[in-house]
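Engineer: Residue numbers (our numbering): 106 to 242.
Cβ atoms here follow ideal geometry from the backbone N, Cα and C, with glycine treated the same way.
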């Protein structure tokens, strides 16, 4: 059984999280520049077995797609074409950035460290993956 990888897509940076091989625990992987995302994934997939890619689905409060959706939908098509052996799924990502900031505060992270958007993106991806793992159970 392969890992599950979650993507918190951003126009500039993209946060990534991955499960353990048993799909029980979510952990932050890294944050990459979005223009390097597909290259990073190609390299990562050569080293690690990943069976499922979870893309955070950005939505407005009323459920309509947010502005970022116009980038994520084509990305999902490219991932499905490039990796037909991997399942690509969408998962609601509303409030993940807010929850990431809350986790940083609750974890005692200093104010200056909380300004690092790359950390926020990685934590947000981890939250998406944690929620997805719980949803699957």
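Can you find the residues in the same chain that come closer than 8 Å, C-beta to C-beta, to residue 240, ignoring five residues on each side of it along the sequence?
Structural biologist: On the chain shown, position 135 is the one that residue 240 refers to. Excluding residues within five positions, the ones whose Cβ falls inside 8 Å are 196.
Engineer: Tell me the DSSP secondary structure of residue 158 in three-state form.
Structural biologist: Within the chain shown, the letter at position 53 stands for residue 158. If DSSP states are grouped into helix, strand and coil, residue 158 belongs with the strands.
Engineer: Identify every residue that forms a DSSP beta bridge with residue 138.
Structural biologist: As a first step, residue 138 must be located in the chain shown, where it is residue number 33. DSSP lists 118 as partners of residue 138.
Engineer: If you compare alpha carbons, which of 237, 235, 119 is closest to residue 176?
Structural biologist: As a working mapping, residue 176 is identified with position 71 in the chain shown. Of the candidates 237, 235, 119, the one whose C-alpha sits nearest the C-alpha of residue 176 is 119.
Engineer: Using DSSP's beta-bridge definition, name the partner residues of residue 192.
Structural biologist: The sequence position of residue 192 within the chain shown is 87, counting from 1. The partner list for residue 192 (beta bridge, DSSP) reads 157.
Engineer: Which residues does DSSP list as the beta-bridge partners of residue 48?
Structural biologist: Because the chain spans 106 through 242 in this model, residue 48 falls outside it and cannot be assessed.
Engineer: Hey, residue 160 and residue 109: beta-carbon distance below 8 Å or not?
Structural biologist: Here the question's residue 160 lines up with position 55 in the chain shown. Here the question's residue 109 lines up with position 4 in the chain shown. Taking 8 Å as the Cβ cut-off, residue 160 and residue 109 do not qualify as a contacting pair.
Engineer: Cα-Cα, which of 163, 127, 117, 106 is closest to residue 138?
Structural biologist: Translated into the one-based positions of the chain shown, residue 138 becomes position 33. Cα-wise, what sits closest to residue 138 is 117.
Engineer: Exposed or buried, what is residue 170 when buried is set at 16 or more other beta-carbons lying within 10 Å of its beta-carbon?
Structural biologist: Taking the first residue of the chain shown as 1, we reach residue 170 at position 65. That one is exposed.
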